[in-house]
Structure formats: structure tokens, C-alpha cells
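A short worksheet on the structure shown next.
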Amino acid sequence: MSTSTTSPILTVTSGRTDLGRGADAAPCDIVVLSCVRIGDTLALQLVGEIDHYSAGPLRVMLASAAAQGYTGLTLDTSRVTFCDSGLFLVLDFWSLRGRRLRLVNTSRAVRRLLEVAV
1 MSTSTTSPIL
11 TVTSGRTDLG
21 RGADAAPCDI
31 VVLSCVRIGD
41 TLALQLVGEI
51 DHYSAGPLRV
61 MLASAAAQGY
71 TGLTLDTSRV
81 TFCDSGLFLV
91 LDFWSLRGRR
101 LRLVNTSRAV
111 RRLLEVAV
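If you count by full-length UniProt numbering, then the sequence shown holds residues 1 to 118, one letter each, in order.
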């Protein structure tokens, strides 16, 4: 997991069918654009929309990072355009067992989620 690149590392598409207008019809795609190891910290840049469905692979990636000894996570969410409790659950998962979490360049969508959660 010590990769730095401009091409996507992980791209997840929820595969939903079009249910009509509104949030339920959103594509809910998430992309991990960059992944860098800085000591025991993993730095990720997320792009796209994060919901309950698209957050699963991100949670698996972070579980693997935790198993490999990463204790810190820095997330750049400046390009996250939509998120719901799926992202909050991923952040909560990471924070278990004393792991460190730092959010940088938070997007409006992420700030709204965190304001509602507090």
C-alpha cells in the first residue's frame, strides 16, 4: 500500500438500476485517487460519492491496512461530492482500538455529515 499515482487505485460503482429521481438514483461511485504510506499512516484522496453500498470496499481496504500495522489515516475528501452514514461508519470503524484519523480538505458534503453526526 505504498503507492502514489494519478490513476485511480480503487473504483467502486454501486451497480444500482435507475429508480427515478432523487438520492436513490444517484450513481454512488467512489474512487481512491491516491494512496501514500507515511510511516505508520495511510494517506488517501477520495473522489466521488460515498454511500452504504460504495463504502464497503473502502472499509475492506482499511481493514487490510489495519492488519498490516497502519495506525494512522489521513483522508483528503475535497473531491467527495456526496456522502451518507456509510462514510461515517467507515470513519468510526477506523477509529476503533485507538487508531488515529485526520480529515484534511473536507468537502461541503463531508462537513455536513460531520455536523449532523455531532
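C-beta: ideal position from N, C-alpha, C; glycine also. Computed from a prediction, not measured in an experiment: that's the story for all the values here.
Expected contact under 8 Å - CB spacing of residue i and residue j to nearest Å
| i | j | result |
| --- | --- | --- |
| S34 | L42 | Wrong, their Cβ atoms sit about 11 Å apart, outside the cutoff. |
| V90 | S107 | The Cβ separation is near 15 Å, so there is no contact. |
| C83 | V110 | 6 Å |
| A63 | G86 | Actually they are not in contact, since the Cβ atoms of A63 and G86 sit about 15 Å apart, beyond 8 Å. |
| D76 | V104 | 5 Å |
Beta-ladder partner(s) of residue i, from DSSP
| i | result |
| --- | --- |
| V36 | A43 |
| F82 | E49 |
Three-state secondary structure assigned by DSSP to residue i
| i | result |
| --- | --- |
| G98 | helix |
| V110 | helix |
| D76 | strand |
| V104 | strand |
| S64 | helix |
| G69 | coil |
| S2 | With a pLDDT of only 45 at S2, under the threshold of 50, the placement of this residue in the model should not be trusted, and no figure is reported. |
| V116 | helix |
So does the region 96–106 actually touch the region 47–56, counting three or more Cβ pairs closer than 8 Å? no
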